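A.B. asks: Right, I'll just put the structure down here and ask away after.
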Amino acid sequence: EAGVAQSPRYKIIEKRQSVAFWCNPISGHATLYWYQQILGQGPKLLIQFQNNGVVDDSQLPKDRFSAERLKGVDSTLKIQPAKLEDSAVYLCASSLLAGQETQYFGPGTRLLVL
Amino acid sequence: DQQVKQNSPSLSVQEGRISILNCDYTNSMFDYFLWYKKYPAEGPTFLISISSIKDKNEDGRFTVFLNKSAKHLSLHIVPSQPGDSAVYFCAVEYGNKLVFGAGTILRVKS
Numbered sequence: 006e007a008g009v010a011q012s013p014r015y016k017i018i019e020k021r022q023s024v025a026f027w028c029n030p031i032s033g034h035a036t037l038y039w040y041q042q043i044l045g046q047g048p049k050l051l052i053q054f055q056n057n058g059v060v061d062d063s064q065l066p067k068d069r070f071s072a073e074r075l076k077g078v079d080s081t082l083k084i085q086p087a088k089l090e091d092s093a094v095y096l097c098a099s100s101l102l103a104g105q106e107t108q109y110f111g112p113g114t115r116l117l118v119l
Numbered sequence: 005d006q007q008v009k010q011n012s013p014s015l016s017v018q019e020g021r022i023s024i025l026n027c028d029y030t031n032s033m034f035d036y037f038l039w040y041k042k043y044p045a046e047g048p049t050f051l052i053s054i055s056s057i058k059d060k061n062e063d064g065r066f067t068v069f070l071n072k073s074a075k076h077l078s079l080h081i082v083p084s085q086p087g088d089s090a091v092y093f094c095a096v097e098y099g100n101k102l103v104f105g106a107g108t109i110l111r112v113k114s
């Protein structure tokens with residue numbers, strides 16, 4: 006079974022530029038998550054989708070971050086414009102359903118904002 | 005406001021000995037706890053979990069203990085192996101989402 010795929014693996018941009026990350030979850034997983042992991046901290050949930058609907062985006066900085074999962078499969082996370090403090094690893098995870106279901110993580114995209 | 009705290013940033017253990025990683029939480033309503041392991045340049049992988057109706061769960065060399073009165077859980081690895089060297093995250097499932105601690109770097113020396 007293929008795992009969660011993410012691209013790109015690394016990205017370097019200058020502040021005020023925009024960037025987009027892509028995630029392909031495990032086939033059949035209805036729930037998709039985007040996390041931000043800043044160096045020295047644990048992953049922090051940014052947004053959770055159930056199929057193509059948003060379940061929780063309470064910690065998403067909506068003035069600059071946006072995410073979509075149009076067909077209930079792949080998802081993209083965008084930052085526009087980026088700030089220095091957005092430098093982090095962005096992790097995508099998926100699970101069969103929400104709740105006490107194991108979340109499977111992709112390898113992450115490491116973003117450096119200069 | 006950290007709801008899940010891992011107060012030891014790192015731990016070094018000799019191969020074959022026991023590794024004990026600790027985690028404290030603040031909310032007595034939390035009822036499902038997990039440990040994830042993360043290697044460099046990879047995403048976290050699920051290791052073991054425990055529900056609040058239990059005080060112990062065991063899976064091979066890994067055992068998680070839950071002390072609800074102290075709001076404390078720990079992960080025991082016996083015996084520790086060099087391949088266990090990784091970052092270990094404690095997490096709680098609450099409101100259909102995971103809240104992670106900051107992680108503990110475990111280094112197992114051979």
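Quick note, the sequences are listed as chains A and B, same order.
Mapping of the first sequence onto my numbering: position 66 corresponds to residue 71, and the numbering continues sequentially without gaps.
Mapping of the second sequence onto my numbering: position 53 corresponds to residue 57, and the numbering continues sequentially without gaps.
Each residue gets a CB set at the ideal place from its N, CA and C atoms; glycine is no exception.
Only a predicted model underlies this, so the values are computations on that prediction, with no experimental measurement involved.
By the 7 Å beta-carbon criterion, what residues does the stretch 82-105 of chain B contribute toward chain A?
C.D. replies: F93, E97, N100, K101, L102, F104, G105
A.B. asks: Output yes or no for whether 8 Å exceeds the beta carbon distance between Y95 (chain A) and G8 (chain A).
C.D. replies: no
A.B. asks: In whole angstroms, what is the alpha-carbon distance linking E19 (chain B) and Y43 (chain B)?
C.D. replies: 18 Å
A.B. asks: Tell me the residue span of the beta strand (DSSP E) that contains K16 (chain A).
C.D. replies: 15-18
A.B. asks: Relative to the alpha-carbon of N57 (chain A), which residue among A:L75, A:C28, A:C97 has its alpha-carbon at the smallest distance?
C.D. replies: A:L75
A.B. asks: Enumerate in chain order the residues of its own chain whose CB-to-CB distance from D61 (chain A) is below 6 Å, with the five nearest sequence positions on each side excluded.
C.D. replies: Q53
A.B. asks: Less than 8 Å separating the beta-carbons of P83 (chain B) and R65 (chain B)?
C.D. replies: yes
A.B. asks: Please check if any C-beta of chain A sits within less than 8 Å of the C-beta of T108 (chain B).
C.D. replies: no
A.B. asks: Spell out the partners DSSP gives V112 (chain B) in its beta bridges.
C.D. replies: DSSP output for V112 (chain B) lists B:V17 as bridge partner(s).
A.B. asks: Run through chain B and tell me which residues come within less than 9 Å of V60 (chain A), C-beta to C-beta.
C.D. replies: N100, K101
A.B. asks: Report yes or no: is there a C-beta of chain B within less than 8 Å of the C-beta of P48 (chain A)?
C.D. replies: yes
A.B. asks: Taking D35 (chain B) and H76 (chain B) to be in contact with their CB atoms under 8 Å, please state how far apart those CB atoms are, rounded to whole angstroms.
C.D. replies: Going by Cβ atoms, the distance from D35 (chain B) to H76 (chain B) rounds to 15 Å, so no, they are not a contact pair.
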